[in-house]
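**Q** This is the structure I want to talk about, given as C-alpha cells.
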Amino acid sequence: MTADRSPVLRRVVAGLVAAAVLVPLLLLWQTSRAPGRFSVTEAGAFERGSGPRVTSLEGHAGHDGGSAPAATSVDALVAPPGPPDVTITLTARAERVQLAPGTATDAYTVNGSTPGPTLRAAQGDLVEVTFVNESVPGGATLHWHGIDVPNAADGVAGVTQDAVPVGGSHTYRFVAADAGTYWYHSHQVSHEQVRKGLLGAVVVSPARDASPAGGSEVARLLEGAVDVPALVHRYGAVRTVQGAAGDLPVVVPPGTAARVRVINSDNGVLPVWVSGASFRLLAVDGTDVHGPPEVRDQAVVVPAGGRADLLVVAPADGSAARVELGGASAVVVGPDGATTSSPTRRPTATLDLLAYGTPAPLGLDPDAADRTFDYVIGRAPGFLDGKPGMHWTVNGHTYPDVPMFEVAQGDVVRMRIDNRSGGPHPMHLHGHHVVVLSRDGVPASGSPWWTDSLEVADGEVYDVAFLADNPGIWMDHCHNLPHATEGLVAHLMYAGVTTPYLLGHETGNIPE
Ligand code: C2O
Ligand code: CU
C-alpha cells in the first residue's frame, strides 16, 4: 500500500512545488510584456528629481491629469518658419553595395551610397531635409545625432513621428545652431538599420565671423586646413572609413594642416591615435575644446556615436602622418606617394578628457541645480517583454517601466550616471549636450567637456549637468544599439509636452 501511495504523493508534492515556482514566474512574464500600443508618456515611472532648488512643475499638463489645455504636442516644437538656407533630399533604399573588391553586402543606402552624402551647413543655417523611404522595409526615419534640433525634427519613431513607410516621405527642419561634427542615422529599428548603413556625416562650419576657440596658433593652422570627414563603420567583417575599406588618403603638401572629423558609427569604442606627428584634439561631440594642447603618443577613445576632431599637420620632411582608426585603417595625411610608416600599435597612454585643455565658463551653475537625477544602470534576471534572461535595468526597472525624467524649461539639471551593470555603456541624451562635472568623484579640471555620447565604464560614476533649454520628449539611451533593444533606454521629458505617436508591436514604431 505504502508503495502505491508514495508515488502519488510525490507527484502531488512535485506538482505543488512546480506551481509555486511557475505561477509567480508566469505573472512576472505576463506583467513584463509590453502592450501592443502605448505612449512613451505612460510607459515608465515619472521622476521629478531632488536637489537644492527643485522648481515647481505645477501649471503644466502632466501625465497625472494636469489641466490639459496647457499641453504642447511634440509636433508643435518646430524650427522657425522661413525659407531654408540648405535644402536636400535624402532617399533611403535597400540595395547591395560593393565596399571592397569582391565583397557585396546587403545594405541600406542614402542617395545611392553608404554612408550617404555628407550634409554640410554653416552655423545658423536653417536646414530642410526631405527624407524619402524608397525601399527600407518596416519604415525608417532620420535622427540628427548630436544636433540639438527642435523636438519635432528628432526622428524617433513612436516618440516624435511615425516611421516613414516604403513610398512615404517626411520633412525635417532645424537650425544648425552649433558648428561641429555630427551624423544622421535612422531611429527606426536602429540597431539593424544603422548597422546596415542608413547613416551619414553632418558638418556644420563656423559662422564666417567666428574665431576658433583654440587660440591664435590653432586659428592660423585652421586657416589653410583641409576638412576631412572620417565616418568609421563596420559592415559585417568589412571595416570602412567613408564607405571604403582600407586607408583614406588625404593628399596635401608638407606643412598643411588637416581637420580630421572622426565619427564612430559602430557599437563599440573606437580608439584613435596619430603616428608620425603630434596632434591636437580640437573638438569633442561637436563642441570645441578650450585651449587644446599639442599631444603625441596618446589614444583618444571615441565612444559609440561620438565624434573627435583631430588637427594634424603633414610633416615638413615630406612623410605622412597616419590618423589610426582603431588599427583597422587610417586617414593618411601627406604628399602624394609619401612614405607612410606602417600601422602602429595603440599607445599605452589614453588622453583623459577630464583634464585636457584649459577651463572656461560653463554657462550654467551646477551648484544651483534645479533638479538632480540618478541614472543607475544595472543588470538583473527577469523578463523583458516576455523574454526571460539577464536584462539591463535603469534605477532598478526594466523597459518599458524605465524612468521618465521630468524637467521644466530653464532648469539646470544634474544627473549622476552610475554604471553597476558589469559592462560599459556609451550614454546618449538627445536634444542636449551635457557637461561632465566629475568622474568617480574627481572633478573635471580641463576644458569644459561637453558631450552627447559619454562612455561610462563598468563601476564608473559620472556627474553631468545640462541646461533644459530644448522642450520635448527626448531619448536618453545606450548607443551600443543592441543594448537599447535590450531595454537600456530612458527618456527626458519637459512638463506639459505630449506626443500623439505610439510605440509597441502593433504600431510599427520600433525606435531601438
Ligand atoms: Cu544616435 Cu538615439 O541615437
Ligand atoms: Cu550599453
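The C-terminal position of the sequence shown is numbered 512 in the numbering used here, with every residue numbered one higher than the one before it. Ideal placement from N, C-alpha and C gives every residue a C-beta, glycine not left out.
1) Quick one: Cα of valine 260 to Cα of alanine 153, how far?
2) If I measure Cβ to Cβ from leucine 354 and keep anything under 6 Å in the same chain, skipping five residues before and after, which residues do I get?
3) Taking three-plus beta-carbon pairs below 8 Å as touching, is the stretch 282-295 in contact with the stretch 177-185?
4) In terms of residue numbering, what span does the alpha helix (DSSP H) encompassing valine 40 cover?
5) Measuring from the CB of methionine 475, is there a heavy atom of ligand 1 at a distance below 6 Å?
6) Note down, one range per segment and in chain order, each beta strand (DSSP E) of at least 3 residues found wholly within the stretch 412-442.
7) Kindly indicate which residue of Asp469, Gly306, Leu142, Ala258 has the alpha-carbon position closest to the one of leucine 119.
8) In three-state DSSP terms, what is glutamate 223?
9) So alanine 369 and glycine 51 are supposed to be a Cβ contact under 8 Å. How far apart are they, rounded?
10) Looking only at DSSP bridge pairs, what is asparagine 264 linked to?
11) Sort out for me which residues DSSP pairs arginine 239 with in a bridge.
12) So which residues touch the region around ligand 2, with touch meaning a C-beta under 6 Å from any heavy atom?
13) Between glutamate 460 and alanine 176, what straight-line distance do the alpha-carbon atoms span, to the nearest angstrom?
14) Bridge partners for asparagine 480 per DSSP, in chain order?
15) Using a 10 Å radius around the Cβ and a threshold of 16 neighbouring Cβ atoms, would you call glutamine 188 buried or exposed?
16) Going residue by residue through the stretch 133-178, where are the continuous beta strand (DSSP E) segments of at least 3 residues, counting only ones entirely within it?
17) On the three-state DSSP scale, how would you describe glutamate 599?
18) Over what stretch of residues does the beta strand (DSSP E) that includes glutamate 455 continue unbroken?
19) Would you report the Cα separation of proline 117 and valine 232, rounded to the nearest angstrom?
20) Please confirm whether any heavy atom of ligand 1 lies closer than 6 Å to the CB of glycine 305.
21) I'd like the list of long-range same chain contacts for phenylalanine 466, defined as Cβ closer than 6 Å, with 5 residues on each side in sequence excluded.
22) Confirm, please, whether the CB-CB distance from glycine 255 to alanine 316 is below 7 Å.
23) Can you say whether valine 497 is buried or exposed, counting buried as having 16 or more other CB atoms within 10 angstroms of its CB?
24) Look up methionine 1 in the DSSP assignment and say whether it is helix, strand or coil.
25) Taking 8 Å as the limit between beta carbons, can you name the residues of its chain near proline 293, skipping five residues before and five after?
26) Where DSSP assigns a beta bridge to tyrosine 462, which residues make up the other side?
27) Any chance the stretch 470-477 sits against the stretch 326-334, with 3 or more Cβ pairs inside 8 Å?
**A** A quick look at the data gives this:
1) 28 Å
2) Arg439, Ala444
3) yes
4) 40-43
5) yes
6) 412-419, 425-429, 434-439
7) Leu142
8) helix
9) 5 Å
10) Val232
11) Arg234
12) His425, Cys478, Asn480, His483, Leu488
13) 33 Å
14) None; asparagine 480 has no bridge partner.
15) buried
16) 143-145, 169-175
17) Absent from the model: residue 599. The displayed extent of the chain is 1 to 512, so no value can be given.
18) 453-456
19) 14 Å
20) yes
21) Val413, His432, Val434
22) yes
23) buried
24) Residue confidence is low: methionine 1 scores 41 on pLDDT, short of 50, so the model does not pin down where it sits. Its coordinate-derived value is still stated next. Coil at methionine 1, not helix or strand.
25) Arg280, Tyr356, Gly357
26) Ile417, Arg439
27) no
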